[in-house]
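Undergrad: Going down the list, the sequences are from chains A, B, C and D.
Here this note's numbering = 1-based position in the first sequence + 721.
Here this note's numbering = 1-based position in the second sequence + 721.
Here this note's numbering = 1-based position in the third sequence + 721.
Here this note's numbering = 1-based position in the fourth sequence + 721.
Protein chains: 4
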Amino acid sequence: MSSEPSAFRKKLHTIVFESETPGGKFFDITLLVLILASVTIVSLESVVGLRRHFLPVFQKLEWGFTILFTVEYLIRIYSAPRPLKYIFSFFGIVDLISIIPTYLSIFYVGAQYFLVFRVLRLLRIARIFKLTHFINEGKVLSNAIKASTHKITVFMGTVILLVVIIGSMMYVIEGAASGFTSIPTSIYWAVVTLTTVGYGDIAPATPLGQILASFVMIMGYGIIAVPTGIVTVELSKTEKRMTNTEVCPNCHMEGHLPEASFCYNCGSKLN
Amino acid sequence: MSSEPSAFRKKLHTIVFESETPGGKFFDITLLVLILASVTIVSLESVVGLRRHFLPVFQKLEWGFTILFTVEYLIRIYSAPRPLKYIFSFFGIVDLISIIPTYLSIFYVGAQYFLVFRVLRLLRIARIFKLTHFINEGKVLSNAIKASTHKITVFMGTVILLVVIIGSMMYVIEGAASGFTSIPTSIYWAVVTLTTVGYGDIAPATPLGQILASFVMIMGYGIIAVPTGIVTVELSKTEKRMTNTEVCPNCHMEGHLPEASFCYNCGSKLN
Amino acid sequence: MSSEPSAFRKKLHTIVFESETPGGKFFDITLLVLILASVTIVSLESVVGLRRHFLPVFQKLEWGFTILFTVEYLIRIYSAPRPLKYIFSFFGIVDLISIIPTYLSIFYVGAQYFLVFRVLRLLRIARIFKLTHFINEGKVLSNAIKASTHKITVFMGTVILLVVIIGSMMYVIEGAASGFTSIPTSIYWAVVTLTTVGYGDIAPATPLGQILASFVMIMGYGIIAVPTGIVTVELSKTEKRMTNTEVCPNCHMEGHLPEASFCYNCGSKLN
Amino acid sequence: MSSEPSAFRKKLHTIVFESETPGGKFFDITLLVLILASVTIVSLESVVGLRRHFLPVFQKLEWGFTILFTVEYLIRIYSAPRPLKYIFSFFGIVDLISIIPTYLSIFYVGAQYFLVFRVLRLLRIARIFKLTHFINEGKVLSNAIKASTHKITVFMGTVILLVVIIGSMMYVIEGAASGFTSIPTSIYWAVVTLTTVGYGDIAPATPLGQILASFVMIMGYGIIAVPTGIVTVELSKTEKRMTNTEVCPNCHMEGHLPEASFCYNCGSKLN
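1) What residues in the region 931 to 963 of chain B have a beta carbon less than 8 Å from any beta carbon of chain D?
2) For A:A801, decide whether its Cβ has a neighbour in chain D, counting only Cβ atoms nearer than 8 Å.
3) Count the other CB atoms within 10 Å of the CB of A:G831; is the residue buried (16 or more) or exposed (fewer)?
4) What do you reckon, are the CB atoms on A:Y942 and B:Y892 nearer than 8 Å?
5) Please check if any C-beta of chain D sits within less than 8 Å of the C-beta of B:G770.
6) Who are the neighbours of D:G921 on chain E, taking C-beta pairs under 7 Å?
7) Just checking my contact of B:T953 with A:T959 at CB under 8 Å: how many whole Å lie between their CB atoms?
8) Say whether the region 856 to 871 of chain C touches the region 915 to 925 of chain D, bearing in mind that this needs 3 or more beta-carbon pairs closer than 8 Å, one atom from each stretch.
9) Shorter than 8 Å from the beta carbon of D:K867 to some beta carbon of chain A?
10) Runs of 4 residues minimum, wholly inside the region 882 to 918 of chain A: which ones carry the alpha helix (DSSP H) assignment?
11) Who pairs with B:K990 in a beta bridge, going by DSSP?
12) Could you tell me whether any Cβ in chain A is nearer than 8 Å to the Cβ of D:C972?
13) Using the rule of at least 16 other Cβ atoms within 10 Å of the residue's Cβ for burial, across every protein chain shown, is D:S727 buried or exposed?
14) Using a Cβ-Cβ cutoff of less than 7 Å, which residues in the same chain neighbour D:C969 once the five nearest sequence positions on both sides are dropped?
15) When the Cα atoms are used, what is the spatial distance from D:E783 to D:L753?
16) Which of the three DSSP states is assigned to D:G1079 in this structure?
17) Please tell me whether C:L899 and B:S767 are closer than 8 Å, where the distance is taken between their beta carbons.
18) Quick one, which of D:G770, D:I887, D:T761, D:E793 has its alpha-carbon nearest D:L733's?
19) Taking the alpha-carbon positions, what's the B:I881 to C:F936 distance?
20) Got a sec? Which residues, its chain only, sit under 7 Å from C:T914 by beta carbon, not counting five neighbours each side?
21) Compute the Euclidean distance between the alpha carbons of C:G919 and A:G770, then round it to the nearest angstrom.
22) Just to confirm, are A:I951 and D:L795 a CB contact at a threshold of 8 Å?
23) In chain order, what residues of the same chain have a beta carbon less than 8 Å from the beta carbon of D:L776, not counting five sequence neighbours either side?
24) Note down the Cα distance separating A:F809 from D:R842, rounded to an integer number of angstroms.
25) Chain A partners of D:C987, CB-CB under 7 Å?
26) Between C:S884 and C:A865, which are expected to be in contact by the criterion C-beta below 8 Å, what is the C-beta distance as a whole number of angstroms?
27) DSSP state of C:F828, grouped into three classes?
28) Whose Cβ in chain D lies nearer than 7 Å to the Cβ of C:Y909?
29) Looking at the C-beta of B:I894, does it have a partner C-beta in chain A at a distance below 8 Å?
30) Can you tell me whether DSSP reads B:P804 as helix, strand or coil?
31) Straight-line CA distance for C:Y807 to D:A946?
32) Let me confirm a value: A:R797 is counted as buried when at least 16 other C-beta atoms fall within 10 Å, else exposed. Which label applies?
33) Could you give the distance in angstroms between the alpha-carbon of A:S759 and the alpha-carbon of A:I814?
34) Residues in the region 743 to 758 of chain D with C-beta within 9 Å of chain A's C-beta atoms, listed in sequence order?
35) Hey, is C:E783's beta-carbon within less than 8 Å of any beta-carbon in chain D?
Here you go:
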């Protein structure tokens, strides 16, 4: 009988993990405000001018937020039907990461800046606004990206091979004088150039280097078409299959073509 | 009876709000020229070399344009069938914003630069050239963008989470020495890098920072595929819906060319 | 009778304007080599180190090329069936522009650099390699771009409105201290940023300026999806219509759908 | 009989060229580790701080790797059924290029940096992980890119004509003062700008130069749509062809889902 959650734990669960009740909704909105406030405080603390004047205030606020979030974390563990499952879930880990940096900052100065990982907690907050529509759109996107993982891996592998080779060639051509001080630095330059970011902290100075760099730029400008094409095609396929939301009455298959009259899996008539 | 607009107000309305009559067309073209001239004057006034020599001329011209546009604004209010509706419409607000900076510049030096918002008035001028075709194209575009709002919001939310986390990590890794003076500045750097803008005013200098930056760049280079895919798929759907939706009366085929008079499948006459 | 071209003029025409005969082909290949050589010479002349040592050589070569191209231009006028039509055609104007800078350089030093416009003459040379396949591909591309002109104009108009407004706001926010010396300069910065070029010669330094700049960058990163979507959709439509190369036997219409059995224009049976 | 490979050569071939047997798999994984290690060593050797302290270690390791790869190369020649075919195959040449730089470095200091071309050997290693799925995806990508070669050549030709003309115009407008020291340098700037890389090592300073640069940037921002459109359309066609090409035996419908067992239109069994 002790394994059966008490009424109190059940009620806590409704407030802390759900947002259908007024209590749950109030809890979630309070949490949203606290997360945004705490991330803002951490960011502002890092600004030298502000830290000089307001450091004690910032530190007190940080400890306040951390204690609140620690209490919340303990309540979540207590009220979860299976505490271990929660602790090792994505959100359980995020919740833990959101509090430990403050405790670590006692020993290591600077650890508190990792508190910005708290923004990840906002992912859960999507629920408050009943953002189911957004969640569906997110699914279309992540399905399309998942479906193109293999193609994108092939593309990324090619890009990495390219930047290693181009970087090494530029190191030999340009040398340390124009900033290409080593092969790793030159590979960094190749990434900066091929992705069309182009900081300009390292730039070729010799004619041969500029000719090779021009080829790299034109290549980078052109091959961006490849991931774009991949995602567009996948998104278009995913979209098509998610428009027909009908489920086969016989075999319960989803993902029929928009014009389908029969189930592609068992041949039963669809409505 | 007083609510019935007088013949004079009606005539004014035709000239000021429409462009079918010669008078209306002349009014609109004059307005187009005045707007472009006034925005050019405001821009030139901001150039130090020109301001030193021609400030009195610029100021006189600005007041001249503002008085003209104020008169026009009052005429619009007078001749609109429902003045309040006009005042609070998009174009009513733009028209007001186009004149107040000059009056504000008496009290606040620099306010006159907001006169460049006058360019927004050009949106109305589209009408002059009977740009209905352009307006339709604009509608296709804005429909496609509207339809993808949810997906783009999800994407933008992900990008914002990413830049906050990446910015904070870079602040801890690089520190103030290479320009990462605070978390907000580092987040700004992350935006500059992820969007492939790459000013180079802040650039990583440590090996670890350059490795993380390389990942950010490749990520930014790759994920641009996502909004592109979203808009392309939506645009393709919107286009399809806005082309020929006719069904052949004989064989029930769809997907005819926009200019088709006969069914491509059975040769029957389309309506 | 004098309007009938002489046999000699006809033969010249075959050599100079066509490339089917061995003579015509030889002429075209010689021309290709001469154009590339002359553009290379003009480019090298602009390099200070080379100009100091080889200026007389460069000038002699330039005059040599110009005299050859002048003779060729006169032969083209002489052998063209309708000389005036040739003179005012696209290639006629390009041919003239390819020779006048050298003559102008007697009066204006530097005019000779416009000789690089000679590269435009290469467009004609496409013919040598019987690049009809390339020309068809070029047509698919230019048709798709033509078909999307209206949409791209709407998009470009929006971009121009945006950069004017953003530029002016940044001028007021940042001011001359961080390089935003005037509204035109700030508009230039807005173009550099929105298009994700990001030179870094002008970069925001104030927190408010960096926040606005971040929005501009994310906007620029996102809206590149719009022209990409437009061109992709048009290209896909153009491709589809250019695969079926059949011409209606009755009304001579082209551009049928790949699956068409009947002409969309007159309803006749296609083969 | 002597042309028949001996049992020993056959066994060697299975180990060195295949990865189905445990021996072959072990060989391939060892090779993968050695290649990554050797490329890392070459990269680290180029870092000044590390070279100063560890040069003898790096050189010994490099010679060690090179001797191992030389032995492997000789074994491959010996065990290949047709040695000459292997030597002149893509991988044969890559294998040779992976060892000669070390020998060359005896005569030319710096030649050893070309050892990074060893990363190309990783292309062969794809086989280890039975990455047939990846290889198929790679084929879809390379087919799509091959099919769009003509269109991309036309596009690249246009881009090259553009940068030559724009570069020359900027040279005349800006001159050496703002970094446009010669036509080739200005063409390099045009590539940097048109591809939206934007280093900022050379940037226009005159109003006219900035206006022209703004046009170039907007053009570069817009025309990236063209290769993207080309690849997307081709990829979409290639994908379609490589999915389910089956036709329903009953109603002759095409376009079934890849996993379909029944026709979506009439419910008949597909083969």
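All residues carry an ideal CB built from backbone N, CA and C; glycine is no exception.
TA: Reading from the atomic positions:
1) T949, T953
2) In the first sequence, residue 801 of chain A corresponds to position 80, counting from 1. Closer than 8 Å: no.
3) Against the first sequence, residue 831 of chain A aligns to sequence position 110. Looking at its Cβ environment, which holds fewer than 16 other Cβ atoms inside 10 Å, A:G831 is exposed.
4) Position 221 of the first sequence, counted from the start, is the residue given in the question as residue 942 of chain A. Position 171 of the second sequence, counted from the start, is the residue given in the question as residue 892 of chain B. Against a cut-off of 8 Å, the Cβ pair of B:Y892 and A:Y942 comes out as no contact.
5) Counting from 1 along the second sequence, the entry for residue 770 of chain B is found at position 49. Not closer than 8 Å to any Cβ of chain D, the Cβ of B:G770 fails to qualify, so no.
6) Absent here is chain E; the protein component of the structure consists of chains A, B, C and D.
7) For the purposes of this step, residue 953 of chain B is taken as residue 232 along the second sequence, with counting starting at 1. For the purposes of this step, residue 959 of chain A is taken as residue 238 along the first sequence, with counting starting at 1. In this structure, B:T953 and A:T959 do not form a Cβ contact; the two beta carbons are roughly 13 Å apart against a cut-off of 8 Å.
8) Fewer than three pairs of CB atoms, one per stretch, sit closer than 8 Å, so the region 856 to 871 of chain C makes no contact with the region 915 to 925 of chain D.
9) Here residue 867 of chain D is taken as the residue at index 146 of the fourth sequence, counted from 1. So no, D:K867 is outside the interface.
10) 904 to 915
11) For the purposes of this step, residue 990 of chain B is taken as residue 269 along the second sequence, with counting starting at 1. B:K990 is bridged to B:F983.
12) Start at 1 with the first residue of the fourth sequence, and residue 972 of chain D comes out as number 251. Residue-level contact check: D:C972 does not touch chain A, since none of the beta carbons of chain A fall below 8 Å from its beta carbon.
13) The sequence position of residue 727 of chain D within the fourth sequence is 6, counting from 1. With fewer than 16 Cβ atoms within 10 Å of its Cβ, D:S727 is classed as exposed.
14) Along the fourth sequence, read from residue 1 onward, the residue named residue 969 of chain D stands at position 248. For D:C969, same chain residues with a beta-carbon under 7 Å away, outside a window of 5 residues either side, are C984, N986, C987, S989, L991 in chain order.
15) In the fourth sequence, residue 783 of chain D corresponds to position 62, counting from 1. In the fourth sequence, residue 753 of chain D corresponds to position 32, counting from 1. Their Cα atoms are separated by approximately 16 Å.
16) This structure does not reach residue 1079 of chain D, given that chain D is present from 722 up to 992, and the question cannot be answered.
17) Stepping through the third sequence from its first residue, residue 899 of chain C is reached at position 178. Stepping through the second sequence from its first residue, residue 767 of chain B is reached at position 46. Inspection of the sequence shows that residue 899 of chain C is occupied by Ser rather than by Leu. Result no, Cβ atoms of C:S899 and B:S767 do not sit closer than 8 Å.
18) The count along the fourth sequence starts at 1 and reaches residue 733 of chain D at position 12. Of the candidates D:G770, D:I887, D:T761, D:E793, the one whose C-alpha sits nearest the C-alpha of D:L733 is D:E793.
19) Position 160 of the second sequence, counted from the start, is the residue given in the question as residue 881 of chain B. Position 215 of the third sequence, counted from the start, is the residue given in the question as residue 936 of chain C. For B:I881 and C:F936, the distance between alpha carbons rounds to 11 Å.
20) Counting from 1 along the third sequence, the entry for residue 914 of chain C is found at position 193. Result list for C:T914: A934, V937, M938, G941, in chain order.
21) For this step, residue 919 of chain C is matched to residue 198 along the third sequence. For this step, residue 770 of chain A is matched to residue 49 along the first sequence. Between C:G919 and A:G770, the C-alpha separation is close to 28 Å.
22) Along the first sequence, one-based indexing puts residue 951 of chain A at 230. Along the fourth sequence, one-based indexing puts residue 795 of chain D at 74. Not in contact: A:I951 and D:L795 (Cβ atoms no closer than 8 Å).
23) Taking the fourth sequence and counting its residues from 1, one reaches residue 776 of chain D at position 55. These residues qualify, in order along the chain: E766.
24) The sequence position of residue 809 of chain A within the first sequence is 88, counting from 1. The sequence position of residue 842 of chain D within the fourth sequence is 121, counting from 1. Between A:F809 and D:R842, the C-alpha separation is close to 40 Å.
25) On the fourth sequence, residue 987 of chain D is found 266 positions in, with the first residue counted as 1. Within 7 Å Cβ-Cβ: F983.
26) If you number the third sequence from 1, residue 884 of chain C lands on position 163. If you number the third sequence from 1, residue 865 of chain C lands on position 144. One point to set straight first is that residue 884 of chain C is Val, not Ser, in the sequence displayed. With 8 Å as the limit, C:V884 and C:A865 do not qualify as a contact, their Cβ atoms being about 26 Å apart.
27) For this step, residue 828 of chain C is matched to residue 107 along the third sequence. For C:F828, the three-state secondary structure derived from DSSP is coil.
28) Position 188 of the third sequence, counted from the first residue, corresponds to residue 909 of chain C. Under the 7 Å cutoff, chain D gives Q931, S935.
29) The residue labelled residue 894 of chain B in the question sits at position 173 within the second sequence. Judged by the 8 Å Cβ criterion, B:I894 is not in contact with chain A.
30) Position 83 of the second sequence, counted from the first residue, corresponds to residue 804 of chain B. B:P804: helix per DSSP, three-state reduction.
31) Sequence index remark: in the third sequence, residue 807 of chain C carries index 86 (1-based). Sequence index remark: in the fourth sequence, residue 946 of chain D carries index 225 (1-based). Going from the Cα of C:Y807 to the Cα of D:A946 covers about 34 Å.
32) For the purposes of this step, residue 797 of chain A is taken as residue 76 along the first sequence, with counting starting at 1. When all chains shown are included, A:R797 counts as buried.
33) Reading the first sequence from its first residue, position 38 is the one you call residue 759 of chain A. Reading the first sequence from its first residue, position 93 is the one you call residue 814 of chain A. If you take the alpha carbons of A:S759 and A:I814, they lie about 18 Å apart.
34) none
35) As a first step, residue 783 of chain C is located in the third sequence; it is residue number 62 there, counting from the start. Chain D contact via Cβ: absent.
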